[in-house]
Amino acid sequence: MGNRKAASTAGQKAPTPYQRTQSTPKGKIKLAMALEELLAEKDFNSITTAEISRVSGVNESLIYRYFSDKRGLLHYVLAEHQKKSLQQFYTDLVAVSGALQKLRKLIWRTLDNWNKDRIHAKILLIEVRNFPGYYDSETYLIVKEYCGLILSIVQEGIRNGEIMNDVSPWFLMQAILGTVEHVVLPSLLFDRSIDADAFTDNICRTVFGPVAAKI
C-alpha cells in the first residue's frame, strides 16, 4: 500500500499549525504555543494561567481577552489542529477511488495522526468530552464535519454497490468511529506503539468484512 510507514513516530513533536493564520494576533499565537509546550509536560488541570503567561511572555490578562478562560484557550488549540487534520483528510481522498478504500485511508490517517501527536489525541478523546462547553466549541463542529465525511463515504459505498444496501449508514459510521477510538485508547493511555498499518488492516477486516457487498 502507498501509505505504509517506517517505524513508529510516537513521541515526535507535531508541527504547529499557527503560522498559517497570518491575521491572528501574535499574543494569541504565543499563548497557544505556550499551552502546547506545557501540555507536553503536565496535565491540563494542573496548568495555571500564570504558567501560560510566563512561558508565552504574554500578559496573563490576554488569556481572558482572547479566550475567556484557560479552557477556551484549550479549545482554540484543539480547533487549529483539527482544522489542519481535516484539510489533510480531504487532500488524501482526492487520489483515492472507491468508498471502502477511502474509508481505509481515513482510518489510517487518523491513527497515524494520533500516533504522531499523542498530546492532542489524549485531550480530544479523554479530556474535553467531560465538559459541556466542548459541545458548543469550534472543535466539536470540526469533529462533526469529520463524522459527516465518513457518513457521506459510507452512503457512496451503498450507492455504488460496495456496501450492502440493507446496512444503516449511521450505524456503520458509528461502528467505524467507535472501533478506531477503542483500539487506540490503550496505546495512548499506556504509551504503547500504534502500528497504523496493522491497526488499519484489522479494523477494516473486522468492520467491513460483514457489510461489504459480495460481487
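The UniProt record's numbering numbers the first residue of the sequence shown as 1 and each following residue consecutively.
Every residue, glycine too, gets a C-beta built ideally from N, C-alpha and C.
Classification of Arg205 by the beta-carbon crowding that lies within 10 angstroms, buried from 16 upward:
exposed
Here's the rule: buried if 16 or more other CB atoms are within 10 angstroms of the residue's CB, otherwise exposed. What is Gln88?
exposed
To the nearest angstrom, how far is the alpha carbon of Leu151 from that of Met173?
6 Å
Just list the residues that DSSP pairs Ala212 with in beta bridges.
Ile163
Using DSSP with H/G/I as helix, E/B as strand and the rest coil, what is Asp195?
coil
Based on Cα-Cα distance, which residue from Asp136, Val96, Val143 and Gln101 lies nearest to Leu125?
Val143
With a cut-off of 8 Å, do at least 3 Cβ pairs link the segment 158 to 171 to the segment 71 to 91?
no
Whole-Å CB distance - His75 paired with Glu138, under 8 Å assumed
7 Å
Would you mind stating whether Lys70 and Ile153 have Cβ atoms separated by less than 8 Å?
no
For the alpha helix (DSSP H) containing Tyr90, name the first residue and the last one.
Lys70 to Val94
Have a look at Arg159 and Gly98 and give me their C-alpha separation to the nearest angstrom.
11 Å
Burial state of Val94, where buried means 16 or more other Cβ atoms lie within 10 Å:
exposed
Reducing DSSP to helix, strand and coil, say where Gly27 ends up.
helix
Taking 8 Å as the cut-off, does the segment 52 to 63 touch the segment 112 to 131 (at least 3 CB pairs, one atom from each stretch)?
no
Going by beta carbon distance, what residues of the same chain come within less than 6 Å of Ser56, once the five residues before and after it are set aside?
Lys30, Leu31 and Ala34
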